[in-house]
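Mapped onto mature numbering (1 follows the signal peptide of the UniProt record, and there is no 0), the consecutive letters of the sequence shown carry residue numbers -25 to -1, 1 to 243. The beta carbon of each residue, even a glycine, is placed where N, CA and C say it ideally should be.
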Amino acid sequence: MKKSYSYLLSGLLLFSACSSVKKTANPNTSITNDGKIWASLWQQRAAEYKALCFQAYNVAKLRVDEGIKNPGDKPLAIVTDIDETVLDNSPYDAHRALQNLDYSDATWKQWTDKALADTVPGAPAFFKYAASKGITIFYITNRNENERASTLKNLQLYGLPNADDEHLQLKTTSSSKEARRLNVLKTHNILLLCGDNLPDFDLLYDSHPPEESRTATTQKLQAEFGKRYIVIPNPSYGDFEGALFRFNYKLSPAQKDSVIRAKIKADQ
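#1: For a minimum of 3 consecutive residues, which ranges assigned as the beta strand (DSSP E) are wholly contained in the stretch 79 to 155?
#2: On the CB-based measure, 16 or more other CB atoms within 10 Å of its CB, does residue 215 come out buried or exposed?
#3: So residue 4 is in the alpha helix (DSSP H); what residue range does that whole segment cover?
#4: What separation, rounded to the nearest whole angstrom, lies between the Cα atoms of residue 227 and residue 40?
#5: Determine the DSSP secondary structure at residue 54, reduced to helix, strand or coil.
#6: Whole-angstrom Cβ separation of residue 112 and residue 136, contact assumed at under 8 angstroms?
#7: Under the rule that 16 or more other beta-carbon atoms within 10 Å means buried, what is residue 170, buried or exposed?
#8: In angstroms with no decimal places, state the Cα-to-Cα distance between residue 236 and residue 159.
#9: I need the straight-line Cα distance from residue 51 to residue 194, nearest angstrom please.
#10: Using C-beta distances below 8 angstroms, list every residue in its chain close to residue 156, excluding the 5 sequence neighbours before and after it, in chain order.
#11: Do you know how far the Cα of residue 242 is from the Cα of residue 89?
#12: Return the CA-CA distance between residue 197 and residue 77, expressed in angstroms with no decimal places.
#13: Is it the case that the stretch 22 to 34 contacts the stretch 136 to 145, given that we only count it when at least three CB pairs across the two stretches are under 8 angstroms?
#14: Looking only at C-alpha atoms, which of 219, 110, 175 and 80 sits nearest to residue 188?
#15: What do you get for residue 224, buried or exposed, if any count of 16 or more other CB atoms within 10 angstroms of its CB means buried?
#16: What did DSSP end up calling residue 226 once you bin it into helix, strand or coil?
#17: Scan the stretch 12 to 79 and note each continuous alpha helix (DSSP H) run of 4 residues or more that stays entirely inside, going in chain order.
#18: May I ask you to report which of helix, strand or coil DSSP gives residue 209?
#19: Between which two residues does the alpha helix (DSSP H) holding residue 217 run?
#20: Give me the Cβ distance between residue 205 and residue 35, rounded to the nearest whole Å; I'm assuming they're in contact under 8 angstroms.
#21: In this structure, how does DSSP classify residue 166 when only helix, strand and coil are distinguished?
#22: Please state whether the Cβ-Cβ distance between residue 94 and residue 125 is less than 8 angstroms.
#23: How far does the alpha helix (DSSP H) with residue 186 in it extend, from its first residue to its last?
#24: Using 10 angstroms around the beta-carbon of residue 210, count the other beta-carbons present and answer buried if the total reaches 16, otherwise exposed.
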């Protein structure tokens, strides 16, 4: 009798799990969003992702140890992005992709309002270490001003240094971060820049350059990566995706899939 009950219970649990998946997953997911599901899964589950993040922040720690020996004429600072550099938003990306839906400002704010994003592996330990060496952390993000309170709450949840209004610079009239970086340079020498998207590092990546220009610029700046620019992996979104679609954010999933099919290298 106990064995029959066990089978029945297992069947009910399986049915419940399947029903739950049907409520959230779209059986006709586009190539684009199916890719985002896998990207989020990799970000959440792959030890390789964690290893790459640890590698980046280990290199950053070495650069801190070198930099504090000769700080220069002004106090040292590190400028960092937030999303996918300090905070992990993969649950939001996965939720949208499972419904075969794109990003939207409204649903993104619903997510950030929760102020419960986890941290990127290695990020809290690194920024706390840098702060312990007298380095000031500036958070330059393209989150909007109406996300300030929740962003600070999320950073403070993990005791991240300089998580206050003075050191948090949100998007104003432009998504370019150059003016905000220059603002930091008025009072500090920037030792490192940390980010997941290339415009986090250099003005040359601003203004939506095409794929070819992004590649050429990266080749030109190759000596800076791992030296002054610390890149965190983000396979889910960013200007790499925008450049692929020529920054046309109005494309439908079917149109995006068509672009992907045309551009991806696949064996014949």
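According to the structure data:
#1: If you keep only unbroken beta strand (DSSP E) runs of at least 3 residues inside the stretch 79 to 155, you get 111 to 115.
#2: Label assigned to residue 215: exposed.
#3: For residue 4, no alpha helix (DSSP H) encloses it, and the DSSP letter there is neither H nor E.
#4: For the pair residue 227 and residue 40, the Cα-to-Cα distance works out to about 48 angstroms.
#5: Residue 54: strand per DSSP, three-state reduction.
#6: Between residue 136 and residue 112 the Cβ distance is about 5 angstroms, and since that is below 8 angstroms, they are a contact.
#7: Residue 170 is buried by the Cβ-count criterion.
#8: Distance between the alpha carbons of residue 236 and residue 159 is about 43 angstroms.
#9: If I take the Cα positions, the gap works out to 27 angstroms.
#10: Result list for residue 156: 54, 115, 165 and 168, in chain order.
#11: Distance between the alpha carbons of residue 89 and residue 242 is about 44 angstroms.
#12: So the alpha carbons of these two residues sit roughly 32 angstroms apart.
#13: With a cut-off of 8 angstroms on Cβ pairs, the stretch 136 to 145 is not in contact with the stretch 22 to 34, counting fewer than three such pairs.
#14: Among 219, 110, 175 and 80, the Cα nearest to that of residue 188 is on 219.
#15: So residue 224 ends up on the exposed side.
#16: In the three-state scheme derived from DSSP, where H, G and I count as helix and E and B as strand, residue 226 is classed as coil.
#17: DSSP runs (the alpha helix (DSSP H)) wholly in the stretch 12 to 79: 22 to 42 and 65 to 73.
#18: In the structure shown, the three-state DSSP call for residue 209 is coil.
#19: Its alpha helix (DSSP H) spans residues 214 to 219.
#20: Cβ atoms of residue 205 and residue 35 come within 8 angstroms of each other, at about 5 angstroms.
#21: Note: residue 166 maps to strand in three-state DSSP.
#22: Result no, Cβ atoms of residue 94 and residue 125 do not sit closer than 8 angstroms.
#23: 186 to 195 is the extent of the alpha helix (DSSP H) around residue 186.
#24: So residue 210 counts as buried.
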